[in-house]
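Chemist: Take a look at this one; I'll ask things after.
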Amino acid sequence: MTDPNTQRAGTAGVGGMIRAVASFLYRYAGRYWVSYLFGFAALFATNWAVVRIPTVIGEILNTLERSGAGAELGERAKAAIEPVSNLALELMLLAVGLIVVRTLSRVLFFNPGRDIQYRLGVDLFAHLLTLQRPFYARRKVGELLSVAANDTQSVRLLVGFAGLQVCNVAVAIPMHLYQMLRTDWVLTLWCVTPVVIGGIYMRWTVQRFYALIRSSLEKLASLSDRVLESFSGVGTVRAHVAEEAAVERFERYNRDYLELQLEVASLRAFAMPVLGLAGYIGTGLVLWVGGKQVIAGKLEVGDLATFTALLISLVSILTSLAWVLTAFSRGTVSLSRVQELLDADAELPEIAHREPFASAPRVELRALTFTHATREEPALREVSVVVEPGHTLGIFGRTGSGKTTLIDLLARVYTPEPGAVLIDGRDARGWELGSLRAGMAVVPQSPFLFSTTLRDNIRLLGEQTGHTASADAELAGPAWVSFGRARRRRGSQPATGAAGGADLTGAASVDDPRLAQVIDSACLGPDLAALPQGLDTIVGERGVMLSGGQRQRTALARALYRQPKLLLLDDVLSAVDQATETKLVDAIRSLKAASGGAVPPTTVIVSHRTSVLEHADEILVLEHGEVIERGTHTQLLALGGSYAAAHEHQREQGEGGTEHD
Amino acid sequence: MTEPGAGKPKAASTLALMRRFWQYARPHKRWLFAGLVVIPLVAVMTTVRPLLVKQAVDEAIPARDGPALQQLALLFLAAVVVEFVSMALQVYALQRAGHLSIYELRTAIFRHVLCLPARFFDKNPLGSLLSRSTSDVEALGETLSFGVFTIATDAVMIGSILASMFVLSWKLALISLSVAPLLYVLVRWFSAMLRNLQLEIRRAQGVQSGYLAEQLSGIGVVQLYGHEDHARTTFEALGDRYLRATKLANIFDSLLYSLMDGISAFCVALLLYYGAPALLGEVGLFGDLSGALTLGLLFAFVEYLQRVFVPIREFSSKIATIQRAAASLERIFGLLDTPREPRAALDHPEIYEGQDDPLARWTGAIRVRGLRFSYGYDDGAPEILRGLDFDVAPGEVVAVVGRTGSGKTSLGRILTQIYDGYRGHVELILNDGSALELRELEPDRVRRWLLMVHQDVFLFDESAGFNVTLGDRALEDDPSRVHAALETVQAAEFVRERGGLTAPVGERGGNFSVGEAQLLAFARVAARSPTMLILDEATASVDSLTEQRVQQAIERLLEGRSVLVIAHRLSTVRHADKIIVLADGEISEMGDHDTLMANDGLYADLYRSGFAEE
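Those sequence lines, one after another, are chains A and B. Throughout the first sequence, residue numbering follows the UniProt record's numbering, covering 1 to 661 in sequence. Throughout the second sequence, residue numbering follows the UniProt record's numbering, covering 1 to 614 in sequence.
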């Protein structure tokens with residue numbers, strides 16, 4: 001991982017910026033060196049042809065001039081026809097060759113750019129997958145998406161378009177200058193002078209441009225974040241007729257962005273083309289000074305044409321240089337934004353052990369105190385408890401008492417202080433995350449379902465995704481675009497294949513016995529029967545919307561399917577009805593029986609309903625992060641504290657009602 | 001080669017798309033015209049320059065006339081400066097018009113999406129919506145501000161150069177432009193290819209970003225369940241599709257660009273091959289050209305040919321960009337063409353803004369007759385509700401109970417018009433006894449008087465105050481109402497603790513607990529004092545300790561208005577004036593708690609199972 005200081009430097013000075021680009025190129029572009037090498041060769045050939053063409057034209061004109069074109073038609077003129085025709089044929093060949101080499105140079109430069117964008121995107125996503133909650137608490141998803149979509153795009157332009165143009169300029173300018181100097185050096189000086197002045201002015205413009213692009217990318221990111229947020233909350237907006245307010249809010253960001261864009265536009269219109277202007281002034285000078293030299297007999301008229309043509313070609317290269325600088329500045333800004341994410345530290349402590357626990361672990365909290373980074377007050381204070389293997393710990397408390405934080409610390413969503421959380425006597429802090437989590441199943445408070453089938457949501461083995469299965473994913477391009485797609489699919493859709501014939505609506509027809517069992521445990525059977533394709537119904541954003549209770553029970557089934565050694569349930573029964581709750585509590589309890597002699601999973605269950613907790617071996621009552629009462633259900637009732645009061649209240653209220661959807 | 005049009009939805013013509021885009025550009029047409037007005041100036045300057053050179057080569061130089069040469073050179077420089085200034089003005093004006101239009105379009109999309117029916121959100125993932133309302137518009141913005149408008153300049157420039165060439169010598173013009181038809185065919189073909197590829201690229205991008213958005217939103221589960229490897233592999237596979245399409249597009253793009261470049265030189269070669277012998281007195285393909293030809297003319301022609309292809313090349317690269325823009329536009333208009341819900345605020349502002357909204361006279365009573373509903377009558381989805389008849393009297397608390405799938409949630413969704421397309425009658429009774437049919441009222445009008453409290457609370461990343469007012473002017477102007485609402489739901493205390501109404505709630509309300517968020521959502525309702533309230537298990541996530549407070553708040557919220565409680569606490573059910581028991585989309589029982597218990601039917605079953613553990 002890169003030191004954060006170098007990263008700061010990377011965003012600061014131009015020197016650091018170039019270094020950042022260089023190290024990026026080394027890492028990503030390095031492997032395409034063959035492509036770039038051939039691309040460079042093609043570029044060289046292109047420029048040779050580009051410079052050669054005006055020279056040939058000049059020669060033809062010179063030959064015509066010398067043979068007294070249009071004047072008396074002597075033998076001298078006749079004799080000139082053949083060389084002129086030959087030169088014209090050479091010109092045709094050059095033209096055809098130019099098409100070939102220019103295409104090659106562009107393809108060979110641009111396609112690695114695409115590959116790099118792809119790899120960068122994949123690397124970015126892979127890295128994001130390793131980052132933990134504290135990171136996601138700071139960064140908004142919309143913002144991350146914008147970096148992944150827009151910024152990698154700009155980086156691609158940096159390595160593709162800008163790379164090509166930079167090389168082009170590096171090759172073309174010396175070649176043009178050489179050819180011009182060979183034709184006439186005095187004339188060269190005359191027309192190069194305005195171009196140099198234009199170039200100096202350009203430097204200043206590019207710096208301003210760089211700053212503008214950076215802020216406009218930031219504005220774009222916050223704009224798309226605003227959009228994502230509003231679309232996610234569209235139900236609320238709709239219910240409260242808040243559309244106009246949402247639009248107004250959006251407009252604020254939209255206008256900010258517009259204003260920056262307009263500033264960029266004025267820079268583009270008035271400052272960017274100055275270089276082109278300088279080039280044309282140079283052409284005017286060529287006509288003037290060169291014309292005088294032709295009159296004086298020091299220069300041939302064809303050379304004048306060559307010179308003008310070379311200058312025009314040079315100016316068009318220099319004009320594109322302005323665009324290169326745009327792409328370059330945009331690309332480096334984006335690169336630093338991507339780099340910032342790639343350098344973001346997972347903030348994980350050093351790994352001390354990585355072997356997963358083999359059986360239900362003993363969980364111990366020793367004076368666990370934890371404060372969230374954004375808060376001053378600790379979320380948990382001095383919580384100590386021991387949960388023996390196979391035992392169940394209940395956590396009770398009101399909203400904001402620290403229940404969820406406790407689960408998060410056990411699941412290592414947050415990193416506890418050293419020695420505060422021990423699993424099987426070993427500090428959870430030093431555990432490698434993958435192996436620690438391999439033995440546990442966590443059901444968070446608000447369940448998340450992926451856009452895939454219910455089956456895959458429970459098994460989470462990842463056979464397919466609703467994104468590829470959707471209509472929008474159908475191929476739109478010409479057939480040959482799909483070449484190789486079949487190969488990529490790797491027989492990865494068993495679920496859809498099976499969906500056609502067999503009746504999959506009930507748990508009975510499920511071929512995976514473990515799946516059938518957890519569906520039963522989570523009381524999902526009747527729900528499956530009501531779904532159009534049963535287990536193969538696509539749920540989540542792209543599919544059928546399940547009710548809150550159904551989502552919770554699916555998440556529970558997902559957890560049980562893993563056959564965890566440590567089960568962490570964060571208020572997962574809040575949206576199910578009383579009858580279902582009873583069954584689910586039984587199902588969780590029966591894990592003990594089902595484990596057949598072996599130790600059942602150690603379970604930590606959070607709830608604000610006493611009915612869920614009554615069978616726990618020990619219950620902690622939390623308030624403001626502190627344990628205010630502890631004991632078994634019976635002990636707590638006898639104690640007559642807040643737990644007992646809540647129990648009484650819930651009994652009276654008959655809390656639970658029916659499941660809502 | 002495959003037929004480019006095979007097996008795909010027919011792409012609308014670029015022109016039609018652009019014409020439709022015009023509505024966003026029209027308000028800024030002054031800038032547009034300002035930009036277009038200077039085009040002839042730019043074109044004339046570009047055409048004049050080679051003529052000045054021709055003059056110099058044909059007359060001033062052979063005549064050894066120094067002062068005339070100097071004069072021509074100065075004219076040349078003047079033309080260059082005039083061209084620069086007018087070009088800069090033009091570029092600025094056109095870009096300004098472009099950015100302003102895009103700005104309008106962006107708002108239009110945003111506004112439209114917010115008014116799309118819930119069905120649409122059920123089917124379309126947010127990621128692809130996001131990409132359509134930002135990335136697509138962004139792609140459009142980049143191209144429109146350059147491509148579409150400056151293409152006019154290019155067209156005029158090409159036209160004036162061609163005109164000038166034909167005037168100077170139509171025969172030479174024909175010779176040197178003889179490859180033009182071939183060029184035209186190639187450009188057309190490449191453009192069609194690119195257009196299709198662009199569509200595929202946008203789609204692939206949409207799918208990929210949709211996947212990314214989902215995985216990042218569910219990153220917690222991905223990590224806790226060790227699903228990272230699979231997520232990465234899928235992402236790679238989706239990216240691969242995008243990669244392949246873009247690489248192919250690159251090849252066409254490069255070919256198109258290079259072709260233009262090479263053709264320029266090829267035309268010059270043709271000109272010299274056929275023109276030079278003529279100049280030298282040979283009778284060639286086009287007869288005796290000697291009289292008409294001068295060296296200066298050839299000079300000017302060479303220049304013209306080099307210049308005419310610059311705009312043509314630009315033209316073609318702009319066509320490519322326009323293809324991209326067209327692909328974006330097609331997707332954007334596709335989104336805008338998705339029928340939105342009716343909105344009185346947009347469709348009938350006079351009723352919406354006016355004081356004489358008949359709904360103000362709504363008593364809160366509703367009459368439901370023969371209500372049937374399906375989430376998709378067209379798709380053959382099953383009927384969720386199958387003929388309900390019931391009434392809600394003013395101020396009555398009606399509870400709807402039933403097992404999962406009985407249709408109780410759908411009932412709330414129909415009444416708040418989150419889903420339309422019900423059959424039968426839902427009538428709102430006014431105080432003069434007349435009735436309004438729900439489907440004939442715009443949803444936003446109804447929702448001012450009929451509010452639903454959702455089980456999923458959504459907070460915007462703004463202040464606590466904004467989350468209560470949600471930008472409602474009347475509320476914003478009168479903070480005392482907001483405070484009163486917070487008092488009502490007992491949220492005033494923790495809002496004060498966090499710093500009052502201006503306290504930021506954080507992304508998705510991260511600074512507040514789930515329970516507090518719920519109370520804030522209650523405050524929204526309290527502040528609006530609707531005539532009727534639909535309570536959809538609003539207290540789900542509030543723990544019982546908080547709930548004791550909330551319960552009182554709810555009771556106060558219920559006072560003086562009609563209420564339909566869905567998926568409620570049994571305590572509320574017991575106190576409801578009327579209980580509707582739903583089973584399989586039909587009313588199986590109706591009455592108060594005691595009556596229903598006495599019936600010993602489904603309700604009694606439900607009730608007893610709810611207390612099975614006790």
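Just so you know, even glycine gets a beta-carbon here, dropped at the ideal spot from N, CA and C.
Given that a residue counts as buried once 16 or more other Cβ atoms are within 10 Å of its Cβ, and exposed if not, what is D600 of chain B?
Modeler: With fewer than 16 other Cβ atoms within 10 Å, it is exposed.
Chemist: Consider the Cβ of Y92 of chain B: report whether some Cβ of chain A lies at a distance smaller than 8 Å.
Modeler: Yes, its Cβ sits closer than 8 Å to a Cβ of chain A.
Chemist: So, do the stretch 214-222 of chain B and the stretch 116-130 of chain A have three or more beta carbon pairs nearer to each other than 8 Å?
Modeler: The answer is yes - the stretch 116-130 of chain A touches the stretch 214-222 of chain B, with three or more Cβ pairs under 8 Å.
Chemist: Can you check DSSP and say which residues form a bridge with E614 of chain A?
Modeler: Bridge partners of E614 of chain A: none, in fact.
Chemist: I want to see whether chain A comes within less than 8 Å of M87 of chain B, judged by CB atoms only; does it?
Modeler: For M87 of chain B, the answer is yes, since a Cβ of chain A falls inside 8 Å of its Cβ.
Chemist: Do E376 of chain A and the ligand COA come close, with the Cβ less than 7 Å from some heavy atom?
Modeler: With respect to the ligand COA, the structure shown offers nothing to examine, as it has no ligands at all.
Chemist: Any beta-carbon of chain A closer than 8 Å to the one on V489 of chain B?
Modeler: So no, V489 of chain B is outside the interface.
Chemist: At 3 residues or longer, and completely inside the stretch 431-518 of chain B: list those beta strand (DSSP E) runs for me, N to C.
Modeler: Complete beta strand (DSSP E) runs here, min 3: 435-437, 450-453.
Chemist: Using a Cβ-Cβ distance cut-off of 8 Å, determine whether V37 of chain B contacts chain A.
Modeler: By this cut-off, V37 of chain B is not an interface position.
Chemist: Hey, Y377 of chain B and R119 of chain B are a contact pair by Cβ (cut 8 Å); roughly how many whole angstroms apart?
Modeler: 12 Å between Cβ atoms; not a contact.
Chemist: My understanding is that V386 of chain A touches E417 of chain A, with C-beta atoms under 8 Å, so please give their C-beta distance in whole angstroms.
Modeler: The Cβ separation is near 18 Å, so there is no contact.
Chemist: Quick check: is the beta carbon of G499 of chain B nearer than 8 Å to any beta carbon in chain A?
Modeler: Closer than 8 Å: no.
Chemist: What are the residues of the stretch 237-264 of chain A that lie near chain B, defined by any Cβ-Cβ distance shorter than 9 Å?
Modeler: Listed in sequence order: V237, R238, A239, H240, V241, A242, E243, E244, A245, A246, V247, E248, R249, F250, E251, N254, R255, Y257, L258, Q261, L262, V264.
Chemist: From S209 of chain B to G142 of chain A, what distance separates their C-alpha atoms?
Modeler: Roughly 11 Å between the two C-alpha positions.
Chemist: Pull up the distance between the alpha-carbon of G631 of chain A and that of L388 of chain B, whole angstroms please.
Modeler: Taking the straight line from one Cα to the other gives about 50 Å.
Chemist: I want to verify the contact list: residues of chain B whose CB lies under 7 Å from the CB of R437 of chain A, in sequence order.
Modeler: Ordered by position in chain B, the residues that pass the 7 Å Cβ test against R437 of chain A are L224, G226.
Chemist: Closer than 6 Å by C-beta to A221 of chain A: which residues in its own chain qualify, once you throw out the five before and the five after it? Chain order, please.
Modeler: Excluding residues within five positions, the ones whose Cβ falls inside 6 Å are E143, S146.
Chemist: Across which residues does DSSP place R426 of chain A in a beta bridge pair?
Modeler: According to DSSP, which records beta bridges pairwise, R426 of chain A is partnered with A:I423.
Chemist: At a Cβ threshold of 8 Å, is M452 of chain B touching chain A?
Modeler: Yes - at least one Cβ of chain A is within 8 Å of the one on M452 of chain B.
Chemist: Do V137 of chain B and R111 of chain B come within 8 Å of each other at the CB atom, strictly closer than that value?
Modeler: Cβ distance not < 8 Å, so R111 of chain B and V137 of chain B don't count as in contact.
Chemist: Report buried or exposed for K247 of chain B, applying the criterion of at least 16 other Cβ atoms within 10 angstroms of its Cβ.
Modeler: Buried, by the Cβ-count rule.
Chemist: Is the CB of Q306 of chain B under 8 Å away from at least one CB in chain A?
Modeler: Yes, its Cβ sits closer than 8 Å to a Cβ of chain A.
Chemist: Anything in chain A within Cβ reach of S258 of chain B, meaning under 9 Å, just list it in chain order.
Modeler: Chain A residues near S258 of chain B: T46, L98, I99, V100, V101, R102, T103, L104, S105, R106.
Chemist: Can you list, in chain order, the residues of its chain whose CB lies under 6 Å from that of S35 of chain A, leaving out five sequence neighbours each side?
Modeler: Closer than 6 Å at Cβ, skipping near neighbours: L108, P112.
Chemist: Does R96 of chain B get closer than 8 Å to chain A when you measure Cβ to Cβ?
Modeler: Cβ-Cβ to chain A under 8 Å: yes for R96 of chain B.
Chemist: Whose C-beta lies closer than 6 Å to the C-beta of residue 686 of chain A among residues of the same chain, with five residues either side of it excluded?
Modeler: This structure cannot speak to residue 686 of chain A, because chain A is shown only from 1 to 661.
Chemist: Got a sec? Which residues, its chain only, sit under 6 Å from K583 of chain A by beta carbon, not counting five neighbours each side?
Modeler: C523.
Chemist: Please confirm whether I395 of chain A has its beta-carbon closer than 8 Å to some beta-carbon of chain E.
Modeler: Among the chains of the structure shown, chain E does not appear; the protein chains present are A and B.
Chemist: Does E163 of chain A have its Cβ less than 8 Å from a Cβ in chain B?
Modeler: The amino acid at residue 163 of chain A is misidentified as Glu; the sequence shows Gly. Not an interface residue.
Chemist: Have a look at A:R609, A:I588, A:E614, A:P447 and flag the residue whose alpha-carbon is nearest the alpha-carbon of R551 of chain A.
Modeler: Cα-wise, what sits closest to R551 of chain A is A:P447.
Chemist: What is the rounded straight-line gap between the Cα of P564 of chain A and the Cα of R609 of chain A?
Modeler: About 24 Å.
Chemist: Nearest-angstrom Cα distance between R490 of chain A and T234 of chain B?
Modeler: Here the model assigns R490 of chain A a pLDDT of 35, short of 50, so the residue's position is not dependable and the matter cannot be decided.
Chemist: Comparing C-alpha positions only, which one of A:H615, A:Y253, A:A438, A:A265 sits nearest to R208 of chain A?
Modeler: Closest by alpha carbon: A:A265.
Chemist: By the 8 Å beta-carbon criterion, what residues does the stretch 377-388 of chain A contribute toward chain B?
Modeler: From the stretch 377-388 of chain A, no residue has a Cβ closer than 8 Å to chain B.
Chemist: How many angstroms separate the CA atom of L519 of chain B from the CA atom of L342 of chain A?
Modeler: In a straight line, the C-alpha of L519 of chain B is about 39 Å away from that of L342 of chain A.
Chemist: Count the other CB atoms within 10 Å of the CB of S86 of chain B; is the residue buried (16 or more) or exposed (fewer)?
Modeler: Burial call: buried.
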